[in-house]
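Just below is one structure, and these are the notes that go with it.
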Ligand code: HEM
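Here it is in structure tokens:
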């Protein structure tokens with residue numbers, strides 16, 4: 003017997019969730035408190051289920067995941083990403099996941115980490131050069147540039163600054179365009195008239211040409227570098243022995259670039275902003291960093307000793323999860339906790355609202371890294387915290403991202419002081435990732451390391 007579920011009623015019966023369209027991040031956090039952890043919102047002819055209930059999340063992403071594909075919003079991304087891991091489905095996705103997974107095994111991550119350290123060290127020296135007293139920097143932009151360089155180095159071993167800049171600019175424009183289409187789908191027809199779509203196609207053609215050239219060169223390289231591209235090229239299907247085609251390689255490489263830098267960059271921007279409001283947390287991080295590393299650069303083995311820094315990272319992703327929601331669509335009718343789910347439904351799992359649910363967190367809206375002490379972690383419901391998603395489609399780059407964020411945050415906090423600019427607005431804007439709408443403007447100054455030791 004189907005159970006009733008709370009239904010959101012607004013002023014406009016056809017579109018009660020206008021607030022959802024405006025800002026799904028804030029809307030779902032607020033509504034989950036008022037409507038509960040599993041409710042329905044009519045949306046024109048569709049039903050959108052807003053979910054923060056851990057049993058329902060586990061059903062959709064794990065137990066009955068075969069019945070769910072990604073929601074229509076992801077389809078826009080195919081224009082740039084093709085059919086890479088983020089956008090593919092079914093048997094093709096399963097095969098690609100098996101082929102790409104080995105590139106993220108622990109032994110490979112150790113190698114990739116060495117490349118990350120080289121880029122991070124150079125980036126810190128450049129940032130030092132940009133520290134001019136009284137002139138603030140937009141740290142959101144800075145972090146995008148730093149993580150883009152790390153991902154380009156680990157993917158393609160590219161360190162040629164001119165190439166990096168060109169690729170970065172083209173990808174940023176393409177990403178902005180796709181975000182626009184995803185968030186404002188009703189403006190899509192206009193983009194064919196105002197030249198935006200033509201420019202996007204031109205950018206993607208340039209990008210493809212660049213990547214196909216890299217792939218061709220790499221196939222003929224007798225001493226290839228140990229980067230992600232080489233690993234993808236070497237990967238073979240266990241059953242058929244087949245390797246990836248150039249097209250599949252291109253799609254996975256672009257996917258890893260796109261999925262792999264904006265997420266980490268937004269997390270780092272929020273981290274710097276939260277830390278600028280919590281000097282006691284900065285001090286505790288600095289004490290830990292000094293004890294573990296003294297003055298040297300971190301090695302792979304040091305990362306697991308930087309436990310407080312990891313707690314800080316987890317807490318930042320609790321309050322501002324870069325992937326703030328996961329959308330799914332059933333391929334056949336379903337029933338969850340007695341509720342009938344029609345085929346046309348959208349399942350909207352609000353990671354952001356789960357991360358602020360008072361049932362799971364002692365201080366849901368505070369920045370409190372102690373939420374992640376080992377004792378608290380043991381007792382908490384597992385699905386209550388999922389910045390990287392859950393189930394078979396969980397983020398493939400989670401360990402890569404964690405080590406990258408730990409490395410960059412450690413160096414930033416050790417080497418610089420960050421002070422937020424008074425009066426500069428800080429607001430979360432839920433686009434493809436949860437970005438700071440007006441950037442994160444900060445006064446940055448180099449720390450005197452020796453003075454600190456006295
Ligand atoms: C803070 C950093 C990151 C966060 C918060 C994050 C979050 C997520 C989430 C929530 C998903 C699941 C989406 C869904 O189920 O619909 C996902 C998938 C994915 N992520 Fe990440 N991600 C991060 C960094 C990275 C990095 C560094 C890479 C690659 C280098 C990466 C590559 C991917 C890929 C390829 C998928 C699709 C996996 C599949 O469907 O098989 N991500 N990510």
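In our numbering, the protein residues as written are 3 to 456. Every residue, glycine too, gets a C-beta built ideally from N, C-alpha and C.
- Using a Cβ distance threshold of 7 Å, residue 41 and residue 31 do not count as a contacting pair.
- Residue 334: not part of any beta strand (DSSP E); DSSP gives it neither H nor E.
- If you draw a straight line from the Cα of residue 93 to the Cα of residue 68, it is about 11 Å long.
- A distance below 7 Å separates the beta carbons of residue 156 and residue 114.
- Around the beta-carbon of residue 188, fewer than 16 other beta-carbon atoms lie within 10 Å, marking it exposed.
- Within 6 Å of the C-beta of residue 312 there is not a single heavy atom belonging to the ligand HEM.
- For residue 304, no beta strand (DSSP E) run applies, since DSSP gives it neither H nor E.
- In this structure, the alpha-carbon of residue 255 lies about 35 Å from that of residue 369.
- In this structure, the straight-line span from the alpha carbon of residue 106 to that of residue 98 is close to 13 Å.
- Taking C-alpha positions only, residue 325 is separated from residue 352 by approximately 10 Å.
- In this model, residue 253 and residue 180 are separated by some 16 Å (Cα to Cα).
- Beta-bridge analysis with DSSP links residue 422 to 444.
- Between the ligand HEM and the CB of residue 269, the shortest heavy atom gap is smaller than 6 Å.
- Beta-bridge analysis with DSSP links residue 329 to 350.
- Between residue 360 and residue 367, the alpha-carbon positions lie close to 9 Å from each other.
- Residue pairing for residue 53: DSSP places it in a beta bridge opposite 40, 351.
- DSSP, read as helix, strand or coil, puts residue 394 in coil.
- For residue 447, the shortest separation between its Cβ and any heavy atom of the ligand HEM does not lie below 6 Å.
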